[in-house]
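Everything below concerns the one structure shown next.
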Amino acid sequence: MDLGIRGKKAIVCASSKGLGRGCAMALAEAGCDIVVNGRNAELVAKTAAELRERHGVAVKEVVGDVSKPEVQKALLAACPDPDILVNNNGGPPLRDFRELDRTKILEGVTQNMVTPIELVQAVIDGMAARGFGRIVNITSLSVYVPIPGLDLSSGARAGLTSFLAGVARTVVDRNVTINSLLPGKLDTDRLRGPHEAGTVEDPAAAAARKTRLSADVPAKRLGTPEEFGQICAFLCSVHAGYLTGQNIPVDGGLYVSAF
Numbered sequence: 041m042d043l044g045i046r047g048k049k050a051i052v053c054a055s056s057k058g059l060g061r062g063c064a065m066a067l068a069e070a071g072c073d074i075v076v077n078g079r080n081a082e083l084v085a086k087t088a089a090e091l092r093e094r095h096g097v098a099v100k101e102v103v104g105d106v107s108k109p110e111v112q113k114a115l116l117a118a119c120p121d122p123d124i125l126v127n128n129n130g131g132p133p134l135r136d137f138r139e140l141d142r143t144k145i146l147e148g149v150t151q152n153m154v155t156p157i158e159l160v161q162a163v164i165d166g167m168a169a170r171g172f173g174r175i176v177n178i179t180s181l182s183v184y185v186p187i188p189g190l191d192l193s194s195g196a197r198a199g200l201t202s203f204l205a206g207v208a209r210t211v212v213d214r215n216v217t218i219n220s221l222l223p224g225k226l227d228t229d230r231l232r233g234p235h236e237a238g239t240v241e242d243p244a245a246a247a248a249r250k251t252r253l254s255a256d257v258p259a260k261r262l263g264t265p266e267e268f269g270q271i272c273a274f275l276c277s278v279h280a281g282y283l284t285g286q287n288i289p290v291d292g293g294l295y296v297s298a299f
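Numbering (my numbering), first residue to last: 41 to 299.
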């Protein structure tokens, strides 16, 4: 399917690896020019090179934590008039809520609620004036299904969800949409657990880990960043202009609900 977004410009936050990388690759495949971002300069450069080589699109690199104001400014300087914004950022680590102090709570809320709101504020009026905009927020299935130990992540992302639900309805008449993707168990470093950067997982151990983690998933497998990215790209397409304010689980059927 031609997504109709060839030549569009996309900022994809936290896109050097994992789900953000999957989204950047899918958007580049659709012909979008990409601003790729991440905290590790080496990974950012590697992903940017792959995007250019595979898809022949223009790619700009912005290294740093997207929750930092100076990094947000750098993203917007690299792409002052984006057509597409994919909000993404790492979540707080698994931790009993009793261990959270005010500083940790505010850090989590800044990373997973305040930061995407600030970026939406920065780009939404320009999108509306130009008559095209697609904003996709990568949140978490924990917005719907709270996970003990990820209370801070769940709370911050749920706050973002409610905040933007109203905003989405104010700009859809100008062809700007805001939707969220709620990943369940996808095969990223976060599910792999702590490991040294650059280490290769033993194939047998990887297979056992994936079998164990996917046992309660109706699809009986983990999702991939690549298929997640393709869903994101569709939400960014010209075909999705009548879809806004929605939260779409990408979870292999893990979240059980008829509605």
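From the three backbone atoms N, C-alpha and C, an ideal C-beta is built for every residue, glycine too.
Going by beta carbons, L190 and L134 fall inside the 8 angstroms limit. If you draw a straight line from the Cα of R214 to the Cα of G206, it is about 15 angstroms long. Listed in chain order, the beta strand (DSSP E) runs fully inside the stretch 245–298 are 287–290, counting runs of at least 3 residues. E110 counts as exposed, since fewer than 16 other C-beta atoms from the protein chains shown sit within 10 angstroms of its C-beta. Annotation: D105 is outside any beta strand (DSSP E) and is labelled neither H nor E by DSSP.
For a cut-off of 8 angstroms, the C-beta gap from L67 to C276 is around 6 angstroms, short enough to register as a contact.
Cβ-Cβ distances below 7 angstroms link A54 to G60, N77, G78, V106, N128, N129 and G130 in the same chain, with the five nearest sequence neighbours on each side left out; the list follows chain order. Take the alpha-carbon of A259 and the one of G293: they are about 7 angstroms apart.
Per DSSP, K49 lies in no alpha helix (DSSP H) segment; the continuous beta strand (DSSP E) that holds it begins and ends at K49 to V52.
Distance between A162 and A208, taken at the CA atoms: about 15 angstroms. The count of Cβ pairs closer than 8 angstroms, one atom from the stretch 78–93 and one from the stretch 270–286, stays below three, leaving the stretches out of contact. By the neighbour-count criterion, in which 16 or more other beta carbons inside 10 Å mark a residue as buried, K48 falls on the buried side. Per DSSP, V211 is one residue of the alpha helix (DSSP H) stretching across D191 to V211. A Cβ-Cβ contact shorter than 8 angstroms links A70 with L43. Within the stretch 67–153, the alpha helix (DSSP H) runs of at least 4 residues that lie entirely inside it are, in chain order, 81–95, 109–118 and 142–149.
Per DSSP, reduced to three states, the secondary structure at P223 is strand. As the crow flies, the alpha-carbon of M65 is around 30 angstroms from that of V296.
Within its own chain, the residues whose Cβ lies closer than 8 angstroms to the Cβ of D256, once the five positions on either side in sequence are excluded, are L294, listed in chain order.
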